[in-house]
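Enquirer:
In UniProt numbering, the protein residues as written are 1 to 121.
(1) What is the DSSP secondary structure of residue 73, counted as helix, strand or coil?
(2) With DSSP run on the structure shown, which of helix, strand or coil describes residue 41?
(3) Can you give the beta carbon distance from residue 75 to residue 109, rounded, assuming they're within the 8 Å contact cut?
(4) For residue 43, collect the residues of the same chain with a Cβ closer than 8 Å to its Cβ; drop the 5 residues on either side in sequence, then sort them by chain order.
(5) Would you mind reading off the limits of the alpha helix (DSSP H) that contains residue 96?
(6) Under three-state DSSP, which class holds residue 22?
(7) In whole angstroms, give me the CA-to-CA distance for residue 106 and residue 88.
(8) Would you identify the three-state DSSP class for residue 46, choosing helix, strand or coil?
(9) Taking Cβ positions, are residue 36 and residue 93 nearer each other than 7 Å?
(10) How is residue 3 classed by DSSP in three states: helix, strand or coil?
(11) How big is the Cα-Cα spacing for residue 78 and residue 72?
(12) Taking the beta carbon of residue 68 as the centre, do at least 16 other beta carbons fall within 10 Å, making it buried, or is it exposed?
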């Protein structure tokens with residue numbers, strides 16, 4: 001099942017994982033991708049996004065490990081692949097890549113992250 005990319009591209013309640021810190025970080029990732037979409041030639045926006053994604057993944061993975069989340073290894077692999085793609089980007093970021101990032105975040109939260117609802121303590 002594929003979920004629609006919201007327009008405007010902002011976090012809403014349908015993305016809620018019910019862990020305040022993770023929901024707040026997800027909001028920040030939406031803002032980061034939106035900033036790159038708004039200014040695709042801005043290397044600082046891209047760099048800020050990569051840092052935010054890296055920090056979020058580390059925090060989320062830490063929560064998974066702390067709570068012995070069974071799907072941690074496969075979840076981490078998905079994170080590593082996406083972060084690797086982001087780190088390989090250079091400004092200006094083309095529309096196709098922005099769309100990929102927007103779609104990846106939407107699908108990831110609603111299919112992969114939703115699997116840990118109620119399992120992280």
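Note that the Cβ used here is the ideal one computed from N, Cα and C, for glycine as well. Note that the coordinates shown come from a computational prediction; the quantities given were computed from them, not determined experimentally.
Expert: On the basis of the coordinates in this document:
(1) helix
(2) coil
(3) Not quite, the Cβ-Cβ distance comes to about 12 Å (not below 8 Å), so this is no contact.
(4) 90 and 91
(5) 95 to 107
(6) helix
(7) 21 Å
(8) helix
(9) yes
(10) coil
(11) 10 Å
(12) exposed
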